[in-house]
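For the sequence shown, full-length UniProt numbering gives the first residue as 1, with consecutive numbering after it.
For each residue, glycine too, the CB sits at the ideal point set by N, CA and C.
Note that this is a predicted model, so its numbers are computed, not measured.
Written below as structure tokens is the structure these notes are about.
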Amino acid sequence: MGSKKPLLVALMAHALSSGMILLSKAAFNMGMSTSVFVFYRQIAGTILLVPLALFFEGKNPKPLSLATFCKIFMLAFLGITLTLNVYGVALIYTSAAIGAATINCIPVITIAFAVLLRMEKVTVKTVPGIAKVAGIVVCMAGAVTLAFYRGPVLKPPFHLPFQPHGGGQDGDHHSQAAASGKKWILGCFLLLVSSICWALWLVLQARVLKSYPSKLTFTSIQCLSSAVQSFLVAIAMERDPHQWKLGWNCGLLAIVYCAIFVTGVAYYFQAWVISKKGPVFHAVLTPTNLVMTILGSVFLLGETINLGSSLPCNKERDVIPIDAEISGTLVQHVHLEGNALVDEMVPADKSSVKKLLKRVRVEGDEEGEITKKRRVDKNCVICLDELEDGSSEVYQMPCFHTFHGSCIKKWLDQSHYCPLCRFEMPTSKT
1 MGSKKPLLVA LMAHALSSGM ILLSKAAFNM GMSTSVFVFY RQIAGTILLV
51 PLALFFEGKN PKPLSLATFC KIFMLAFLGI TLTLNVYGVA LIYTSAAIGA
101 ATINCIPVIT IAFAVLLRME KVTVKTVPGI AKVAGIVVCM AGAVTLAFYR
151 GPVLKPPFHL PFQPHGGGQD GDHHSQAAAS GKKWILGCFL LLVSSICWAL
201 WLVLQARVLK SYPSKLTFTS IQCLSSAVQS FLVAIAMERD PHQWKLGWNC
251 GLLAIVYCAI FVTGVAYYFQ AWVISKKGPV FHAVLTPTNL VMTILGSVFL
301 LGETINLGSS LPCNKERDVI PIDAEISGTL VQHVHLEGNA LVDEMVPADK
351 SSVKKLLKRV RVEGDEEGEI TKKRRVDKNC VICLDELEDG SSEVYQMPCF
401 HTFHGSCIKK WLDQSHYCPL CRFEMPTSKT
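Put into structure tokens, the structure is as follows:
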């Protein structure tokens, strides 16, 4: 059992991180600010960890030099503050499954850094060396397949009624549509950046833990440092006071979960595994995160998944053209497959429309109830007219696309999808 303990602890850490990806994606889809989310989860984790560190390791504390503290502070910035903020933005532009798939690159990057820093050796003539190389190939192949190829759709036979952003039988339309074009490229690039930062964080932690082995105190200092850093990032990036308010919703659930089970438990597990087996051992188990995330997406959120291109797609499709028209203006020509027409024309829930639509200013509007803009489009794609400067009749959906108030309300009376990215608003059925 002793030899299997690091393996079990590492798997538990990855399972907890998988839950973080799912809940974070749900919270971001609801419109929660990524920087505010990171700050709240870190401050909550600090409140949990500091008393535990004082209780278990306060009686015989290890001496903490200024140099070691500075190293831990920089580690917190690299592996927590920077990584989580970048990963959060990337998660908005992509999906939970794609985010988890890209994490498969972490073992490769970790091994590369470990070899460069002479912490790991790869000898291809030995069985361990061949296993490492084979693992690298499998990780990269899985990430590339899931990120760039699309096969037939698999729908779960059942799922739990937990759909924070409206759910739907067609899967995560917001994620898939928002991940198109420039946003898709930017999202994948940010995922790569976050993976590099995370891998380097794993490697550097091993060195610091050798000189400062108090794992609980080490994790607490990282968490406290990241909370301070995240607060500075949040107040610089998010000036809308509404984004700082917490309610009894998925955002609060994600914060509590991440604070207790990720920042408090998973990070401690990770530090323990790295101190026992090194950074590569923990990193090579990262693909299990992908498997657990996909299963959670399917059976908890009711999302659909696509098999890779190794399985052929059925090219015989029933395509139904639709001309959507609102206020006398032709909007777009949409192709829906199979029975998707029925799902498309389901109106959004009126109470959800009232709650989730936010009034925003295009420029220079000082009305108190209008929230600070995140991104305001130049034109309303429904009527094709320009969004006038200072107009108070501009509304923003949770996916951050903006329209004239009258246009988007009429649209949502007929369809619960965003006209641009197909983000799903809640319906009376969900």
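Notebook entry, point to check: Is the region 250-265 touching the region 38-58 in the sense that three or more CB pairs, one from each, lie closer than 8 Å?
Noted result: Yes, since at least three Cβ pairs between the region 38-58 and the region 250-265 fall closer than 8 Å, the two stretches touch.
Check: Does the Cβ-Cβ distance between I103 and S195 come in under 8 Å?
Finding: Contact flag set, yes.
Next item on the list: Please state if the CB of P6 and the CB of T277 are separated by a distance shorter than 8 Å.
Entry: Residue identity differs from the one stated: residue 277 is Lys in this sequence, not Thr. Yes, the Cβ-Cβ distance between K277 and P6 is below 8 Å.
Next item on the list: Whole angstroms is fine: what's the gap from A266's alpha carbon to M20's?
Entry: Approximately 10 Å, taken between the alpha carbons.
Next item on the list: For residue 468, name the three-state secondary structure that DSSP assigns.
Entry: The structure shown has nothing for residue 468, since the chain only spans 1 to 430.
Item checked: Among V233, Q243 and T219, nearest to F28 - alpha-carbon criterion -> Comparing Cα-Cα distances from F28 to each of V233, Q243 and T219, the minimum goes to Q243.
Note to self: Determine whether the beta carbon atoms of residue 488 and P426 lie at a separation below 8 Å.
What the structure shows: Beyond the ends of the chain as shown, which are 1 and 430, falls residue 488; an answer cannot be given.
Next item on the list: Could you work out which residue in S211, L290, H404 and Y395 is closest to F69 when comparing CA atoms only?
Entry: Comparing alpha-carbon positions, the option among S211, L290, H404 and Y395 lying closest to F69 turns out to be S211.
Notebook entry, point to check: From what residue to what residue does the alpha helix (DSSP H) around V115 run?
Noted result: Per DSSP, V115 belongs to the alpha helix (DSSP H) from C105 to L116.
Next item on the list: Entirely within the UniProt domain "RING-type" (380-422) and at least 3 residues each: give me those beta strand (DSSP E) ranges in chain order.
Entry: Within the UniProt domain "RING-type" (380-422), the complete beta strand (DSSP E) runs of at least 3 residues are 394-396 and 402-404.
Note to self: Let's test the definition: count the other Cβ atoms within 10 Å of the Cβ of G88 and tell me whether it reaches 16, buried, or not, exposed.
What the structure shows: Buried.
Check: How long is the line joining the alpha carbons of H335 and S415, rounded to whole angstroms?
Finding: Note that H335 scores 40 on pLDDT, short of 50, meaning its location in the model is unreliable and no value can be drawn from it.
Check: Three-state secondary structure (DSSP) at V360?
Finding: V360 falls in the strand class under three-state DSSP.
Next item on the list: Answer with buried or exposed for W248, where buried requires no fewer than 16 other C-beta atoms within 10 angstroms of its C-beta.
Entry: That one is exposed.
Next item on the list: Let me know if V9 comes out buried or exposed under the rule of 16 or more other beta-carbons within 10 Å of its beta-carbon.
Entry: By the 10 Å Cβ count, V9 comes out buried.
Check: Relative to the C-alpha of P398, which residue among I80, T110 and Y93 is closest?
Finding: Looking at I80, T110 and Y93, the one whose alpha-carbon comes closest to that of P398 is Y93.
Note to self: Relative to the C-alpha of A112, which candidate in S351, L387 and W201 has its C-alpha closest?
What the structure shows: A112 has its Cα closest to that of W201, out of S351, L387 and W201.
Next item on the list: Spatial neighbours of M32 within its chain, please: CB distance less than 6 Å, with the 5 preceding and 5 following residues excluded, ordered by chain position.
Entry: Closer than 6 Å at the Cβ level, and outside the excluded window around M32, lie G251.
Checklist line | CB-CB length for S225 against I47, believed under 8 Å | finding: So it is not a contact: roughly 14 Å between Cβ atoms.
Notebook entry, point to check: Touching or not, the region 275-290 and the region 50-59, by the rule of three or more beta carbon pairs under 8 Å?
Noted result: By the Cβ rule, the region 275-290 does not count as touching the region 50-59, because fewer than three pairs are nearer than 8 Å.
Notebook entry, point to check: Is the Cβ-Cβ distance between C105 and L204 less than 8 Å?
Noted result: No; because the gap between Cβ atoms is not below 8 Å, this pair is not in contact.
Checklist line | Spatial distance of L285 from A101 (CA atoms) | finding: Approximately 13 Å between the Cα atoms of the pair.
Next item on the list: Tell whether a beta-carbon distance below 8 Å holds between A199 and I109.
Entry: Cβ atoms of A199 and I109: closer than 8 Å.
Next item on the list: Please report the residue range of the alpha helix (DSSP H) in which N29 lies.
Entry: Segment K5 to N29, the alpha helix (DSSP H) holding N29.
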